[in-house]
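Residue numbers (this note's numbering): 1051 to 1506.
Heads up: the structure comes next, in structure tokens.
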């Protein structure tokens, strides 16, 4: 009823759900590594052609997996086979419509939702030292921005004008933050440092190299496509503010309802005493997420065993404008270039990406490790992994240098500006990676296929 020709609304529902969801209220999808999922996407709209994309998931970008050229017209359906590799990190992701020339309209209208990859129960003892609260106390927070016109931004938290998250005082909670904004504008996520402490656990669905980050921060800058997992601990009720250059003024977008347990008294001294109480944990990683820094750790002195004098780097440069990538407007038929898949652990890609302050660069299928000394601004730490990069304006004259391995998924690898109006206008491209799956690589177990059904 609130949809208009100038401000259309869209949503998803599962087969058994009625009515169709609205922005922020679409189905939460929870997947596990080592499974194949069959998704049937039905298009119940009157005149919209659409599709669906698993943002950030390590998935094949061709065939019936995550190929954005596959579309479903009104009244028809499309089948997807989402294969989640057995070694896939248990991270925070999202799904959204990705039909070229209509992506901005659909996402701004609400065609998105939260997708979480969960650790399998039998893996509970596989990572020694993993903090228990990661699997015991979890909240997710979808921060979405709707633009009814080019001058107005309306924020929602979990589909509400003001959301409430409840948890106990003095206990660590894994807060899984997902950002959805068709303009991908950089905004600040802010907490009250006198009440809450917050340490980074993961960026864009990948655990930080050491969990958690040693320093608690009260402000985190994010783009409209990032995800940010935080270890949060509060000693009293407070809030979360979300805005450009956010300051703690006015009502927070999220109310944190923190309840006291027993005779524990909320006090600043208790809060300070808890600082740094999470034991550091180094997550296990598959080869495609192992560090490509010259030294172990950002400022370490030990040479990285995977980077040797025999290492081979494939260099590539990326420049974006509002209508083109590397000066070329999107063509579904012509790749930017072609790479040969290299299975050697000592081979990697090194890409230099410029002009991302207004054009956040998003890479499908693979994550990118930031190797620019000192990082690339905002939350882009040197040595950590991301799928979307946006440097601050004052740093835009220098490239953000990233490294990654293309050694397990070939075919078409897509990339684009995540300011979705720019992507629709042509700031999108792809590279062709020739070569198949490496021999003996166990990507999937013989598990039953799980079925999902979504309707737009």
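We treat Cβ as the ideally placed atom computed from N, Cα and C, and that holds for glycine.
Since the model is a prediction, treat every value here as computed from it, not as a measurement.
The alpha helix (DSSP H) spanning residue i covers which residue range?
i: residue 1483; result: Unbroken run through residue 1483 is the beta strand (DSSP E), 1478-1484; no alpha helix (DSSP H).
i: residue 1230; result: It is not in any alpha helix (DSSP H) - residue 1230 instead sits in the beta strand (DSSP E) that spans 1223-1231.
i: residue 1470; result: 1470-1475
I need the boundaries of the beta strand (DSSP E) containing residue i, first residue and last residue.
i: residue 1461; result: 1461-1467
i: residue 1289; result: 1288-1293
i: residue 1191; result: 1188-1196
i: residue 1034; result: The shown model of the chain, from 1051 to 1506, leaves out residue 1034, and the question about it has no answer.
i: residue 1401; result: 1397-1404
i: residue 1412; result: 1411-1413
i: residue 1305; result: 1304-1309
i: residue 1163; result: 1162-1167
i: residue 1408; result: First-last for residue 1408: undefined, no H or E at that position.
i: residue 1372; result: Careful: residue 1372 lies outside any beta strand (DSSP E) and carries neither H nor E.
i: residue 1419; result: 1418-1420
i: residue 1280; result: 1277-1284
i: residue 1453; result: 1450-1454
i: residue 1270; result: 1269-1272
i: residue 1205; result: 1204-1207
Could you give the distance in angstroms between the alpha-carbon of residue i and the alpha-carbon of residue j?
i: residue 1438; j: residue 1286; result: 34 angstroms
i: residue 1073; j: residue 1396; result: Any reading at residue 1073 is ruled out, since the residue's pLDDT is 45, under 50, leaving its predicted position unreliable.
i: residue 1130; j: residue 1252; result: 28 angstroms
i: residue 1377; j: residue 1343; result: 30 angstroms
i: residue 1235; j: residue 1187; result: 30 angstroms
i: residue 1275; j: residue 1126; result: 29 angstroms
i: residue 1461; j: residue 1110; result: 8 angstroms
i: residue 1165; j: residue 1079; result: 5 angstroms
i: residue 1366; j: residue 1476; result: 20 angstroms
i: residue 1407; j: residue 1443; result: 5 angstroms
i: residue 1284; j: residue 1269; result: 15 angstroms
i: residue 1370; j: residue 1193; result: 26 angstroms
i: residue 1179; j: residue 1185; result: 13 angstroms
i: residue 1474; j: residue 1150; result: 6 angstroms
i: residue 1063; j: residue 1093; result: 11 angstroms
i: residue 1417; j: residue 1426; result: 15 angstroms
i: residue 1060; j: residue 1209; result: 13 angstroms
i: residue 1484; j: residue 1399; result: 15 angstroms
i: residue 1141; j: residue 1259; result: 14 angstroms
i: residue 1120; j: residue 1206; result: 30 angstroms
i: residue 1245; j: residue 1263; result: 19 angstroms
i: residue 1088; j: residue 1133; result: 9 angstroms
i: residue 1277; j: residue 1254; result: 5 angstroms
i: residue 1081; j: residue 1267; result: 30 angstroms
i: residue 1118; j: residue 1163; result: 17 angstroms
i: residue 1453; j: residue 1335; result: 16 angstroms
i: residue 1380; j: residue 1394; result: 31 angstroms
i: residue 1161; j: residue 1147; result: 6 angstroms
i: residue 1086; j: residue 1331; result: 29 angstroms
i: residue 1200; j: residue 1213; result: 25 angstroms
i: residue 1315; j: residue 1249; result: Only weak support is given to the placement of residue 1315: the predicted model assigns it a pLDDT of 43, under 50, and the value that follows is read from those uncertain coordinates. Each residue's alpha carbon lies about 23 angstroms from the other.
i: residue 1215; j: residue 1288; result: 10 angstroms
i: residue 1091; j: residue 1506; result: 7 angstroms
i: residue 1449; j: residue 1423; result: 11 angstroms
i: residue 1590; j: residue 1174; result: No information on residue 1590 is available, as it lies outside the stretch 1051 to 1506 that the chain covers here.
i: residue 1195; j: residue 1128; result: 28 angstroms
i: residue 1222; j: residue 1391; result: 42 angstroms
i: residue 1385; j: residue 1098; result: 27 angstroms
i: residue 1411; j: residue 1405; result: 9 angstroms
i: residue 1102; j: residue 1459; result: 20 angstroms
i: residue 1167; j: residue 1225; result: 14 angstroms
i: residue 1057; j: residue 1100; result: 17 angstroms
Relative to the C-alpha of residue i, which residue among the options is closest?
i: residue 1414; options: 1479, 1249, 1083; result: 1479
i: residue 1108; options: 1238, 1430, 1455; result: 1455
i: residue 1153; options: 1389, 1467, 1483, 1292; result: 1467
i: residue 1440; options: 1402, 1113, 1256, 1458; result: 1402
i: residue 1115; options: 1214, 1135, 1099; result: 1135
i: residue 1436; options: 1102, 1339, 1211, 1221; result: 1339
i: residue 1337; options: 1423, 1200, 1138; result: 1138
i: residue 1257; options: 1333, 1290, 1248; result: 1333
i: residue 1145; options: 1229, 1388, 1341; result: 1229
i: residue 1237; options: 1224, 1065, 1291, 1217; result: 1291
i: residue 1075; options: 1101, 1191, 1170; result: 1191
i: residue 1302; options: 1361, 1241, 1294, 1170; result: 1241
i: residue 1372; options: 1233, 1243, 1341; result: 1233
Could you tell me how far apart the beta carbons of residue i and residue j are, in whole angstroms, since I believe they sit closer than 8 angstroms?
i: residue 1004; j: residue 1077; result: Lying outside 1051 to 1506, the shown extent of the chain, residue 1004 is not represented and no answer is given.
i: residue 1429; j: residue 1272; result: 7 angstroms
i: residue 1434; j: residue 1421; result: Between residue 1421 and residue 1434 the Cβ distance is about 10 angstroms, and since that is not below 8 angstroms, they are no contact.
i: residue 1181; j: residue 1328; result: 6 angstroms
i: residue 1219; j: residue 1309; result: 7 angstroms
i: residue 1157; j: residue 1375; result: Contact doesn't hold; Cβ gap of about 19 angstroms is too wide.
i: residue 1227; j: residue 1306; result: Residue 1227 to residue 1306, Cβ: 13 angstroms. No contact.
i: residue 1482; j: residue 1388; result: 5 angstroms
Next item on the list: Please specify which runs of the beta strand (DSSP E), each continuous and at least 3 residues long, are wholly inside the segment 1078-1154, giving them in chain order.
Entry: 1079-1081, 1085-1092, 1103-1105, 1127-1134, 1142-1146
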